[in-house]
Every structure is written in C-alpha cells, then in structure tokens.
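Structure record follows, encoded as structure tokens.
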Amino acid sequence: MTITLTENEARVIGVLLEKSVTTPEQYPLSLNALTNGCNQKSNRLPVTQYSEDDIIQTLDSLKAKRLIQLESGFGSRVTKYAHRFCNTEFGDLKLSEFQQAIITELLLRGPQTPGELRGRCQRLAKFSDVGDVESTINSLIAYQPNPLICALPKEAGKREVRYRHLFSQPLTADETPSRAPDAAETIAELRESLSHVKSLVTDLEAKINALENAQNQA
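Following the UniProt record's numbering, the numbering of the sequence shown begins with 1 at its first residue and continues without gaps.
Shown next, in the form of structure tokens:
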C-alpha cells in the first residue's frame, strides 16, 4: 500500500511513532496528549499550534486511511490512539528500529543531514556513528517496492546532503530523488578539490618567483 500523508497527518503519525518509543508507558495517546505532542517546542519543525479540533479532523482522515486505531483502556472512557503506520499486522510497511527512527525524525522535523539525524535519533535508536546512519539511509532509499526517502540537491555553501521522506507533498522541480554519494564519488570530489588547490599553489609560487626575480634585478 502506498502511504500518502498531508502535513498534519505526517505530524500526527510522527508523534505516535515517537511516543511509542520514548514514553511507552503513556502510549497509546489520548487526544490531549497527542495535541500537546504535536505542538511541543522541542524536536519539532515547524512548531505548531494545532487545536484539538484540528487533531480530531486529522485523526478522522488517518482513520479513513486505516493508519490509526482507537483503543480504550480497561474501565476508562478516554479514547486513545495508536498508529498502524508500520510494523503492524494491518500493513505491509516493515521497518527496523533504525529505519523507523529516521522516518520518525523526518516526519517531525523535515529534511535533515546524516549528522543531524544521528544526534536527533539517539533517543529513538542508538546509532554508533554517522556511518550507521548513512547505511540506514541507503536502505530506505533502496526500500522495495518504493523508496521511502530521497536525497535533496546540496544547498549553496553546504557540504552535507539533506534527506527527506517521500510520504507527503510531491517533489518540487528542485527536488530530484537521488541515492547517497558512494565512496568512489566522495574520493573523486576530494581529488578534484585537491587538484584545484594544487593549481592555485602553483600559480602563487609562479607569482612569488616573479616578484623575487624583479626585486633581485632592481
């Protein structure tokens, strides 16, 4: 099943995924807890001010897509909500702990670099280093039958590539899916940069020699 989410739906699913890991004793979430989770100021971008009515409308649309389920605690009249987004008997999307952590952070904060993801995902899954993050990113790009994330073009003046999830808004003309750069490409870029630096050094040495010759002849 192809999952398509609106911006509000992505935030709600992201919160349900997050809280199922970080506060399992409070999961599933009540409407109040879910609203507060969507609007919290930490680990969210952008920070929002959804009302409970906004969240109820979003839950209704997610329920129609069969991406959430309602649960009531024993002896309680409070309805609580759990996701059916991944790793459930109701859908085909199966993610590892590390894949789910990255998807959760991308749903909650939008496009991010591997370095940013490593730091922000630590509360959800313990990545040992950026290499582990990049390996997980590659697995999500290569996910079958459809990729779940993609790389964005490098921003001007930035060295690291950012990645975004593919569950919501369509790609713009400037956002073309691509794979993560492999080691060969990285080495080629470094060699090209080194060659450019060597050329600059050679030019500078020639100018210095010319100035020294001019001084000696004076």
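From the three backbone atoms N, C-alpha and C, an ideal C-beta is built for every residue, glycine too.
Across the structure, Lys158 and Ile13 are spaced so that their CA atoms are roughly 30 Å apart. The residues Thr104, in chain order, have a CB closer than 6 Å to that of Glu18 in the same chain once the five nearest residues on each side in sequence are set aside. Leu29 is bridged by DSSP to Tyr81.
Nearest to Glu134 by alpha-carbon distance, out of Gln40, Leu107, Phe98, is Phe98. Per DSSP, the unbroken beta strand (DSSP E) holding Ala151 starts and ends at 149-151. The DSSP-derived three-state label of Glu71 is strand. The beta carbon of Arg118 lies closer than 6 Å to those of Phe127, Val130, Val133 in the same chain, with the five residues before and after it left out. Boundaries around Arg164 are those of the beta strand (DSSP E), 163-165, since no alpha helix (DSSP H) includes it.
Exposed is the label assigned to Arg77, since fewer than 16 other Cβ atoms lie within 10 Å of its Cβ. Residue pairing of Gln217 in beta bridges, as defined by DSSP: absent, with no partner found. Exclusion of the five residues before and after Leu166 leaves Pro147, Leu148, Ile149, Cys150 as the residues of its chain whose Cβ lies within less than 7 Å of its Cβ.
Checking the DSSP bridge columns, you'll see Gln112 partnered with Tyr163. Around the Cβ of Thr58, a 10 Å sphere holds 16 or more other Cβ atoms; the residue is buried. Residue state for Arg44 is assigned as coil, using DSSP reduced to three classes.
Here DSSP, grouped into helix, strand and coil, assigns Gln144 to coil.
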